[in-house]
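For reference, the structure is listed below as structure tokens.
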Amino acid sequence: MVLVARIRQGIRRAPIMILALAVLVVTAAGAFHAPAFAQEESRGWSLRDLLFPRRSERIEPPIEVQPRPKPKKKPKPRPPAEPETPIVEKTNDARVVLVVGDFLAGGLAEGLDTAFADNPAVRIVARSNGSSGFVRDDVYNWPAQIKSLIETEKPAVVIVMLGSNDRQQMKVGDVREQPRSENWTKEYERRTDALGKALQETKVPFLWVGMPAFGVSKMNSDMLAFNDIYHSAAQSHGGEFVDVWDGFVDENGAFVTSGPDINGQPVRLRSDDGINVTKAGKRKLAFYTEKPLAKILGLAAPGSITTVSAPTGAPVEAPKPAAAPVIVDRTAPMLLGDPALDGGTELLGAAQPAKANPNLPGEKLILEGKAPAASPGRADDFSWPPKPTAAAQPDTAAGINQ
198 MVLVARIRQG
208 IRRAPIMILA
218 LAVLVVTAAG
228 AFHAPAFAQE
238 ESRGWSLRDL
248 LFPRRSERIE
258 PPIEVQPRPK
268 PKKKPKPRPP
278 AEPETPIVEK
288 TNDARVVLVV
298 GDFLAGGLAE
308 GLDTAFADNP
318 AVRIVARSNG
328 SSGFVRDDVY
338 NWPAQIKSLI
348 ETEKPAVVIV
358 MLGSNDRQQM
368 KVGDVREQPR
378 SENWTKEYER
388 RTDALGKALQ
398 ETKVPFLWVG
408 MPAFGVSKMN
418 SDMLAFNDIY
428 HSAAQSHGGE
438 FVDVWDGFVD
448 ENGAFVTSGP
458 DINGQPVRLR
468 SDDGINVTKA
478 GKRKLAFYTE
488 KPLAKILGLA
498 APGSITTVSA
508 PTGAPVEAPK
518 PAAAPVIVDR
528 TAPMLLGDPA
538 LDGGTELLGA
548 AQPAKANPNL
558 PGEKLILEGK
568 APAASPGRAD
578 DFSWPPKPTA
588 AAQPDTAAGI
598 NQ
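For the sequence shown, the numbering used here begins at 198 and goes up steadily by one.
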């Protein structure tokens with residue numbers, strides 16, 4: 198019974214004990230955290246703050262880093278602008294220069310048009326076909342079409358530049374021949390000769406411009422062979438061949454993309470493909486053609502400096518006749534060692550040479566070839582037994598007297 202009473206008494210007191218325990222825990226917790234907060238306020242940051250930041254801590258936004266301004270690129274200096282060539286209106290009776298061929302002929306015509314832009318008496322007419330050639334006569338047959346072109350344009354001169362598209366198979370009869378084979382070459386020579394013959398029959402003077410170098414080495418070897426064929430066809434039919442090869446290669450004969458222009462300034466002559474020609478390259482092609490063209494048109498006397506801007510009909514100064522040689526009566530030069538100029542036989546102030554004594558050893562050696570006797574004891578004394586020298590004789594005599 199006593200035990201039961203005690204249990205009941207403990208149950209009655211339990212709420213009071215629980216309340217007291219709760220108060221004790223709260224008090225202890227407040228006492229524990231107060232110095233911790235004070236310590237945290239007095240110190241800096243800790244590893245805990247880095248790994249487990251409190252919500253109450255303020256997170257500052259990162260400082261914005263402004264990128265450094267990029268240095269401004271200096272503008273590249275532009276090449277000096279080419280002076281504009283004044284375009285002069287052509288006269289009604291201007292002589293026509295007909296340029297025929299492939300796409301290179303079109304570029305040549307542009308260069309010639311620039312060269313003769315200020316000459317009202319010369320008009321450049323381009324009748325080129327960019328894809329044409331001697332191989333594909335089905336595209337355009339130049340030997341058959343050249344006469345009709347000349348009859349239509351009535352040119353004073355014809356310029357031909359053709360062949361850059363001809364490195365391909367050619368149909369000869371029913372067979373397709375490979376480039377530069379024997380049958381291919383024979384047919385190619387026949388077709389070029391046919392064009393030369395057609396030009397000759399029109400009785401119009403013509404220039405045949407050769408192929409320049411290209412960026413492909415295999416193509417260059419073929420173009421050199423083509424130029425030989427063109428040169429032969431032009432000469433065989435009264436034309437003139439214009440070689441432009443050296444204008445597009447370096448001193449070693451290799452292809453160049455850039456090189457000197459007509460004024461000697463370095464410029465870009467060819468495009469990136471190594472085939473097409475730039476504006477400066479077109480002008481350079483025309484530069485090689487200007488001189489022979491000016492001779493045919495009568496713009497410059499043969500052998501003189503070509504002036505393409507001279508108008509037609511301008512008086513050409515005839516070469517002055519050579520002046521008669523001026524005869525000058527010159528006195529023959531006088532020689533200082535010639536005593537006959539004043540009638541004398543000796544130079545002025547000359548002394549008579551002294552007569553040599555024939556008995557002197559030197560004269561005997563020169564005149565008679567007799568050498569003087571060697572002195573005893575000298576290096577050239579070869580007598581045997583050796584003769585005593587003059588210095589040794591008194592000593593010997595003294596020894597005998599003793």
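Ideal Cβ positions, reconstructed from N, Cα and C, are used throughout, including at glycine.
Cβ pair residue i, residue j closer than 8 Å
| i | j | result |
| --- | --- | --- |
| residue 444 | residue 488 | no |
| residue 302 | residue 358 | yes |
| residue 408 | residue 360 | yes |
| residue 388 | residue 340 | yes |
| residue 403 | residue 436 | yes |
| residue 306 | residue 325 | yes |
| residue 452 | residue 410 | yes |
| residue 472 | residue 401 | no |
| residue 322 | residue 286 | no |
| residue 319 | residue 466 | no |
| residue 474 | residue 298 | no |
| residue 268 | residue 288 | no |
| residue 151 | residue 569 | Outside the shown range of the chain, which is 198 to 599, sits residue 151, and nothing can be said about it. |
| residue 390 | residue 430 | yes |
Residue burial classification, residue i (beta-carbon count within 10 angstroms, cutoff 16)
| i | result |
| --- | --- |
| residue 581 | exposed |
| residue 562 | exposed |
| residue 441 | buried |
| residue 479 | buried |
| residue 579 | exposed |
| residue 374 | buried |
| residue 564 | exposed |
| residue 308 | buried |
| residue 380 | exposed |
| residue 449 | exposed |
| residue 335 | exposed |
| residue 505 | Reliability of the predicted coordinates at residue 505 is poor, the pLDDT of 46 falling under 50, and no value is obtained from them. |
| residue 425 | exposed |
Rounded Cβ spacing between residue i and residue j (contact assumed at less than 8 Å)
| i | j | result |
| --- | --- | --- |
| residue 385 | residue 405 | That belief does not hold up - the Cβ atoms of residue 385 and residue 405 are roughly 15 Å apart, past 8 Å. |
| residue 365 | residue 332 | 6 Å |
| residue 395 | residue 356 | Actually they do not touch by this definition, with Cβ atoms about 15 Å apart. |
| residue 353 | residue 483 | Their Cβ separation, rounded to whole angstroms, is 17 Å, which puts residue 353 and residue 483 out of contact at 8 Å. |
| residue 458 | residue 477 | 5 Å |
Closest by C-alpha distance to residue i, when choosing among the options
| i | options | result |
| --- | --- | --- |
| residue 399 | 327, 483, 310, 345 | 345 |
| residue 393 | 419, 378, 433 | 433 |
| residue 363 | 575, 467, 294, 422 | 422 |
| residue 296 | 490, 334, 470, 577 | 490 |
| residue 574 | 568, 370, 567, 583 | 583 |
| residue 419 | 378, 370, 448 | 378 |
| residue 469 | 454, 461, 376, 560 | 454 |
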